[in-house]
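Peer 1: Counted the way the numbering used here counts, the sequence shown spans residues 5 to 119.
Quick one: the structure is below, questions incoming.
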Amino acid sequence: MLLKKSEGFPFKVVLLMSFAALLLLITPDFALAASTSQVQSKLNQGAKAIQLVLTSLVVVMGIIAAIKIVVKHLPSIDDAHVKNEMWKGIGQVFAGVIAGAALVWIIPWAYSLFV
């Protein structure tokens, strides 16, 4: 019954137009694609954001380690040996934070020299 009502309806034309509309929506417009310089700048911004996050993690871990050292040595801080040991530990944590944060920035810089 449905076929008898739609015998004069151009199914092939509608199917072809639907397929053309689908292709129009699916295929990218090359004029709107990003240029190479835009992609490169976005990648550089992303790399800098990752470097900032890694540097922040190194600093936060250093602060936590230094606080742990101070809390550990705080009860017997009157002893000169314990005080010296505490400051030595804090200095080592500080040196580790400097080295870790510097590596986060130096490694990509050195890589960019050779690429």
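Glycine included, every Cβ here is placed at the ideal spot set by N, Cα and C.
In whole angstroms, what separates the C-alpha of Ile67 from that of Leu61?
Peer 2: Going from the Cα of Ile67 to the Cα of Leu61 covers about 10 Å.
Peer 1: Sorted by chain position, which residues of the same chain lie with C-beta nearer than 6 Å to Leu58's C-beta, five sequence neighbours on each side aside?
Peer 2: Excluding positions up to five away in sequence, the list reads Val108.
Peer 1: Assuming the contact rule is C-beta atoms closer than 8 Å, Ala105 and Val63 should be a hit. Round their C-beta distance to whole Å, please.
Peer 2: Their Cβ separation, rounded to whole angstroms, is 7 Å, which keeps Ala105 and Val63 in contact under 8 Å.
Peer 1: So, at 6 Å on beta carbons, what are the nonlocal neighbours of Met5 in its own chain, with the 5 sequence-adjacent residues on each side left out?
Peer 2: Because Met5 sits at a pLDDT of 48, beneath the cut-off of 50, its placement in the model cannot be relied upon, and the following sentence gives the value as read from the coordinates. Cβ neighbours of Met5 beyond the five flanking positions: none.
Peer 1: Can you tell me whether DSSP reads Leu7 as helix, strand or coil?
Peer 2: Unreliable placement is indicated for Leu7, whose pLDDT of 48 sits below 50; the coordinate value is still reported in the next sentence. Leu7 falls in the helix class under three-state DSSP.
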